[in-house]
Amino acid sequence: MKKLKSKEPKLSTLIFTACSGIALGIALGAFLLLSKNVSVASSVPDPALLSKPGNYNTYYLAGRVDGGESPNLRSGKGRIQRRSPGPVSFSEGEVNYFFKSLDFGEPVDGEGAPVKVSPFNVRIEGDQIYTSLKIVVDQSGSPVEFMVMANVGFDNTDEGPEFKVKSLRINSLPIPGMAGLVSSMIESKIAETPWPEEVLEMWQNIRAIEVESGKLITEVGLRRA
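So the sequence shown is numbered by numbering that gives the first Met the number 0: it starts at 0 and just counts up by one.
Structure follows, in structure tokens:
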């Protein structure tokens, strides 16, 4: 008599099925979070709302932008340009106004470009810096918006401040373990950007950058290397 084959699934089959289900669930969850638009807030949301079960919303709070160049911004820029040693501090609104007013020349993207990038925004909260950038992808007449938000900072070295990304989020989807790679990509993009000569000269006169009590503090002076 032939021995009947067992109809019970093999252990490897069970493991494969379970792993496939987990991977599918992760992919579906990532897609839902990525497709979930960011909620724009005018003030910091209530902590009770943020911790509410089932609330997967990401709230975006834009940094303030000054309406004009303040006396402090004007004098601070002058000190950096002259390399006058010592700390120079700027508010969130002054930082955003400075970058908003930069002249990068005529845009290089042609009409109907599939990707459009908005000016980035800086928000300073305590000793933390949060930046945001809106990207609109329009490949077929149906634009899709992505809000890229990052907690960033600087490592002060003998060669000057080095930009770093601490955490990253695209829409409502956190991107774990990618901070180092993103930092390298952003540094490469910054290096390729045709910055005004004035900005490049000012950057070389900054030896360190700190964030304290809602202020961006630049230490002006000659770098060690």
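The beta carbon of each residue, even a glycine, is placed where N, CA and C say it ideally should be.
Pairwise C-alpha distance: residue j and residue i
i, j, result
"lysine 76", "glycine 140", "43 Å"
"phenylalanine 153", "aspartate 65", "24 Å"
"serine 183", "glutamate 68", "32 Å"
"glutamate 93", "valine 135", "26 Å"
"serine 187", "serine 166", "18 Å"
"threonine 130", "leucine 221", "28 Å"
"proline 195", "glutamine 203", "13 Å"
"glutamine 80", "glutamate 91", "20 Å"
"aspartate 157", "alanine 207", "9 Å"
"tyrosine 96", "proline 86", "20 Å"
CB-CB length for residue i against residue j, believed under 8 Å
i, j, result
"glycine 62", "asparagine 120", "5 Å"
"phenylalanine 89", "leucine 72", "6 Å"
For residue i, the residue or residues it bridges with in DSSP
i, result
"glutamine 226", "Because the chain spans 0 through 224 in this model, residue 226 falls outside it and cannot be assessed."
"tyrosine 129", "Arg122 and Asn150"
"alanine 207", "Glu218"
"glutamate 196", "For glutamate 196, which the question treats as bridged, DSSP gives no partner whatsoever."
Spatially closest choice to residue i from the options, by CA coordinates
i, options, result
"proline 160", "Asn95, Leu215 and Asp102", "Leu215"
"asparagine 170", "Val151, Val164, Asp157 and Glu144", "Glu144"
"isoleucine 205", "Asn155, Glu211 and Trp194", "Asn155"
"glutamate 209", "Gln127, Leu101, Arg78 and Arg82", "Gln127"
"proline 118", "Ile174, Val164 and Phe98", "Phe98"
"glycine 125", "Asn150, Gln138 and Lys115", "Asn150"
"glutamate 200", "Arg82, Asn71, Ser74 and Pro70", "Arg82"
"methionine 146", "Ser74, Asp137, Val116 and Glu197", "Val116"
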